[in-house]
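In terms of the working numbering, the sequence shown has 223 at position 223, counting the first letter as 1, and numbering is strictly consecutive.
Idealized CB from N, CA, C, for every residue including glycine.
Being a predicted model, the structure only gives us computed values, none of them experimental.
Input: a single structure, listed below in structure tokens.
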Amino acid sequence: MANYLSWNYQEPNNKYQLTLLHSFLLEIQSSHSSDVRDGALFALISFLLIFILAASGRVQMGFVVPGFPTPLRRSRKKILSEYFPFYKNLPSDQQKVFGQRVQAIILSKTFYGRGVKVDEVMRVLISACAVQLTFGLPKIMLSHFTRIIIYPNDYYSTINKQYHKGEINPRLKAIVLSWHHFLDGYVKKNDGINLGLHEMAHALHLENIISNDEYNFLDQGALAQWRKAASEEMMRINSDPSHLFRSYASVNEHEFFAIAVENFFERSEQFNAQLPHLYHLMTLILRQNPLSNSL
Ligand SMILES: [Zn+2]
Numbered sequence: 001m002a003n004y005l006s007w008n009y010q011e012p013n014n015k016y017q018l019t020l021l022h023s024f025l026l027e028i029q030s031s032h033s034s035d036v037r038d039g040a041l042f043a044l045i046s047f048l049l050i051f052i053l054a055a056s057g058r059v060q061m062g063f064v065v066p067g068f069p070t071p072l073r074r075s076r077k078k079i080l081s082e083y084f085p086f087y088k089n090l091p092s093d094q095q096k097v098f099g100q101r102v103q104a105i106i107l108s109k110t111f112y113g114r115g116v117k118v119d120e121v122m123r124v125l126i127s128a129c130a131v132q133l134t135f136g137l138p139k140i141m142l143s144h145f146t147r148i149i150i151y152p153n154d155y156y157s158t159i160n161k162q163y164h165k166g167e168i169n170p171r172l173k174a175i176v177l178s179w180h181h182f183l184d185g186y187v188k189k190n191d192g193i194n195l196g197l198h199e200m201a202h203a204l205h206l207e208n209i210i211s212n213d214e215y216n217f218l219d220q221g222a223l224a225q226w227r228k229a230a231s232e233e234m235m236r237i238n239s240d241p242s243h244l245f246r247s248y249a250s251v252n253e254h255e256f257f258a259i260a261v262e263n264f265f266e267r268s269e270q271f272n273a274q275l276p277h278l279y280h281l282m283t284l285i286l287r288q289n290p291l292s293n294s295l
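Here's what the structure looks like:
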């Protein structure tokens, strides 16, 4: 029997469909088991059935087959079209790729709600945020971070006795977000503050140096130049209260990168006008340019 029993399905309805399909195939198989040719035919039909269902988005495979990306189901596309401007502004062929990447992220992470029930809008928009940041790069899944933890609002950390809006926790392999502040980041489009992009940027920055299947994928030359330019700019932030970047960017290189990412997407024109060298380096690192919509 094909090994699709081990596939993971997220939606109860799909699980039900799969069970029915599985019983159906078992029945066919038992009635043909004495005939080798029919066995081969059965295997072919099984594969085609599964492939057609997966390709149509009706069954969500728990893994991504290279070369056969799983399309985003219609209800999820609707969420992106309604709430995610980055997706809305893409040409249709790029929307398709974006959707496949969102689907791949959704399937590769486990979403946990802390005091909030995780729903489809959360799954889609948080995954879309990760794809927005990585869309110019080869398919980066932020694979070290297998858990997305969602709080309804800011949450109290018993470790440092402070309220947090979000964080990444490499030890727990988790990206943690306040849903209220995540949404706020996208509602207020041009203030250079976007919690989702900020935390995803931390995750991306770390993913690049964590030794796993997604290691060292950022342009090392651009990154080296960026580090030099960033350290100079961090000193200017300290002495310039009207700097484009908020003062928190001067804390360290990681915060500077996360805040640069927020401004890269939300205040691209000002960023390019005021800090053209850094902006250019960001386009090389992320391999996309919000000002030209080029990838
Ligand atoms: Zn941060």
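The three-state reading of DSSP puts residue 111 in strand, counting E and B together. Under the 10 Å beta carbon count, residue 117 is surrounded by fewer than 16 other beta carbons and is classified as exposed. A residue is called buried when at least 16 other Cβ atoms come within 10 angstroms of its Cβ; residue 236 does not meet this threshold and is exposed. Residue 71 and residue 103 have their C-alpha atoms some 7 Å from each other. Here the residues close to ligand 1, judged by CB distance below 6 Å to any of its heavy atoms, are 198, 202, 255, 258 in chain order. Taking a contact as a CB-CB distance under 8 Å, the pair residue 111 and residue 150 counts as one, their CB atoms being some 7 Å apart. DSSP lists 110, 174 as the beta-bridge partner residues of residue 147. If you look at residue 157, you'll find it in the beta strand (DSSP E) that goes 155–157.
Residue pairing for residue 181: DSSP places it in no beta bridge. DSSP links residue 263 through a beta bridge to no other residue. For residue 168, the pairing in a beta bridge is given by DSSP as 175. Within the model, the alpha-carbon separation for residue 202 versus residue 129 is close to 13 Å. Residue ranges of uninterrupted alpha helix (DSSP H) with 4 or more members, entirely inside the stretch 179–233 and ordered along the chain, are 179–187, 195–207. Inter-residue distance for residue 205 and residue 216 is about 10 Å (C-alpha atoms, whole angstroms).
For the stretch 72–126, the full-length alpha helix (DSSP H) segments reaching 4 residues or more read 74–83, 85–88, 92–108 along the chain. Residue 134 and residue 69 have their C-alpha atoms some 17 Å from each other. Secondary-structure assignment with DSSP links residue 163 through a beta bridge to 156. Here the stretch 178–196 lies against the stretch 157–167, with 3 or more beta-carbon pairs under 8 Å apart. Here the alpha carbon of residue 196 sits roughly 49 Å from the alpha carbon of residue 40.
DSSP places residue 289 in the strand class (E or B) of the three-state scheme. Here the stretch 264–284 makes contact with the stretch 217–225; the two share three or more CB pairs at distances below 8 Å.
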